[in-house]
Structure formats: structure tokens, C-alpha cells
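Numbered according to our numbering, the sequence shown spans residues 1121 to 1295.
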Amino acid sequence: MSPETNLALVTEPMETDQISWLLGIGVPAKSMMRPTLIMQARGSCDDGRYFEPNPSGDKWLAFDQIRDVVFWQPRTNKFATWHARAFALNEDAIDNPATYAFDCELRIHASPFDWLISGRDGIVIFDWSMMVFERLRDAPRIAVSSRVLSKYRSAMRPAFLPEVSVMVDERKDAA
């Protein structure tokens, strides 16, 4: 996809059948509108990263974020992005002080369904690469779904630690 492609030409409001389906599985109506309106797009993601618009492609839900747009195909549970910058749905919540206000925590959901039903509170990680550690290590409080706890624990290790050796001081300090 070329960077010149205007996102507004690719996305459109969700159709009635998608809205009815989301309501039917327990997604509150306000979750479809806040913090941004959930849009739909047609296309594919063959490379596992970038969304490729295609008018005859599958329907994807599109979530606008500050650094990127995340596309999710509910039938296949595939994710794609517009710029390959995002690693999670709603990752803007990580740096938002309101997320942690009044002793609240950043909630990491196991699936977009759980996240939508909870009112889009928290995040859904779809790329468990080293970016997870870098983006989450300064979060003061995190609540993790038991279904992704092992992935979280594996991801929350630095990708690289220096090799450390101990120097023996030859100089004796005067007492």
C-alpha cells in the first residue's frame, strides 16, 4: 500500500449487520463510538503487517489510533496495520495518565471481543515482540487476562542485557 493512499478513501462507517452482530455478542453501543468511531474497511493482509485495501476483500473493523490504524478481521482473528507502528489495540491508553488514576491499572485483554465488551477499557496485544517490553515497562499498574499471562511474562523481559564482569580493585583505600 502506498503511503499516499488516503485512509478516508479506504474506511467507511460500519454496516447495520456488523452493528447488530456486535450488539448481539454484548458489545455496548458506546464502545462502537468511543474513544473513536469504529469504521470498516475491505481488504486483506497477506504479509502479516500491512492492510491492503481491496473493494472485493473481506470486511475488517478499523480502529484509529494516534500512531497508526489497526485493522481486525473478526472471522479470522487476523490483525493488520496501516503503518506497521502499532502492536496493540488502544495502545494510546498506555501513556494516558487517566488509565492509572485512582489506583486503576492498564487492562490487557485476551481478545478484541473481551476488550469491546468491556467498553474498550485497556488494550489487546496482537504483536508480542520486544516492543511489548519497551512500551509497558514504565506502566505503574497492569492487570493481565489469565489467558495471555504466559505471553505477557515471556514478553516482559528485555531483549538484550549486557554481559557483566566484576572488576577487582587492586588499590586498597587508606583506613
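Ideal placement from N, C-alpha and C gives every residue a C-beta, glycine not left out.
- Please look up how many angstroms separate the CB atoms of P1133 and M1159, rounded, as I've assumed it's under 8 Å. 6 Å
- Do you know how far the Cα of R1277 is from the Cα of D1258? 13 Å
- Message: Here's the rule: buried if 16 or more other CB atoms are within 10 angstroms of the residue's CB, otherwise exposed. What is R1195?
- Response: exposed
- Message: When you compare the CB of M1159 with every CB in chain D, is at least one pair closer than 9 Å?
- Response: This model lacks chain D altogether; it includes just one protein chain.
- Task: Give, in chain order, every unbroken run of the beta strand (DSSP E) that is at least 3 residues long and sits entirely within the stretch 1147-1208.
- Result: 1159-1164, 1178-1184, 1189-1193 and 1198-1201
- Message: On the DSSP bridge list, what partners appear for E1100?
- Response: Nothing about residue 1100 can be read from this structure; the chain reaches only from 1121 to 1295.
- Query: V1252 lies in the alpha helix (DSSP H); which residues open and close that run?
  - Reply: M1251 to L1256
- Message: Given this structure, state the Cα-to-Cα distance separating L1256 from V1286, to the nearest angstrom.
- Response: 30 Å
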